[in-house]
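The opening residue of the sequence shown carries number 38 in my numbering; numbering runs sequentially from there.
Okay, structure first, notes after.
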Amino acid sequence: MQFKANKDVLQWIATGEILAGPVLDYMVTDMKKQGFPVDFVIPTEGAVAVASPIAILNDCKSPELAALFIEYTLSQEGQELLVSMNTTPVRKGIETPDDVLSLDDITVMAENKEYLSGNTSEIKETFQSIFSE
Numbered sequence: 038m039q040f041k042a043n044k045d046v047l048q049w050i051a052t053g054e055i056l057a058g059p060v061l062d063y064m065v066t067d068m069k070k071q072g073f074p075v076d077f078v079i080p081t082e083g084a085v086a087v088a089s090p091i092a093i094l095n096d097c098k099s100p101e102l103a104a105l106f107i108e109y110t111l112s113q114e115g116q117e118l119l120v121s122m123n124t125t126p127v128r129k130g131i132e133t134p135d136d137v138l139s140l141d142d143i144t145v146m147a148e149n150k151e152y153l154s155g156n157t158s159e160i161k162e163t164f165q166s167i168f169s170e
């Protein structure tokens, strides 16, 4: 099945309409804390890393403040705040509770950057042919 959003996949898993699906880690933790019978299964081959980008836009009105925000987000304190919101920290050495994954808990699936960058059009076309409609 194809879903438009991660929350839709998780809702179908939580209600038992489907048995498994790809979702974001913090969503599973949130549902577990609400009492839903869900849990993580990390494939032995590795998980797909989904980066949550953070950047300063070219036409940003306050680039100095934006830089401070990024600096804080990536700091020890900022990462601990994200952990309190059930998000896996990107810094090593951040303590996580049992229900929040750490980088040590996850094997990230290797990617072939050369193949990806050299075959972008073909990859997009294949994706569209599988998932369109």
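Beta carbons are placed, not taken as given, at the ideal position from N, Cα and C, and that holds for glycine.
For clarity, every value in this text was computed on a predicted model and none was experimentally measured.
Annotation note: the stretch 47-101 contains the following uninterrupted alpha helix (DSSP H) runs of length 4 or greater, listed N- to C-terminal: 62-70. Per DSSP, residue 127 has no beta-bridge partner at all. At the C-beta level, residue 120 and residue 137 come within 7 Å of one another.
For residue 145, the secondary structure class from DSSP, reduced to helix, strand or coil, is strand.
Contact annotation, residue 143 with residue 153: C-beta distance approximately 20 Å; criterion of less than 8 Å not satisfied. In terms of CA proximity to residue 52, 73 leads the group 73, 92 and 64. In the three-state scheme derived from DSSP, where H, G and I count as helix and E and B as strand, residue 158 is classed as helix. In the DSSP assignment, residue 132 falls outside any alpha helix (DSSP H), carrying neither H nor E. Under the criterion of beta carbons closer than 8 Å, residue 125 and residue 140 qualify as touching, at roughly 7 Å.
Note that the C-beta distance between residue 97 and residue 103 is below 7 Å. Burial is judged here by how many other beta carbons sit within 10 angstroms of a residue's own beta carbon; residue 167 has fewer than 16 and is exposed.
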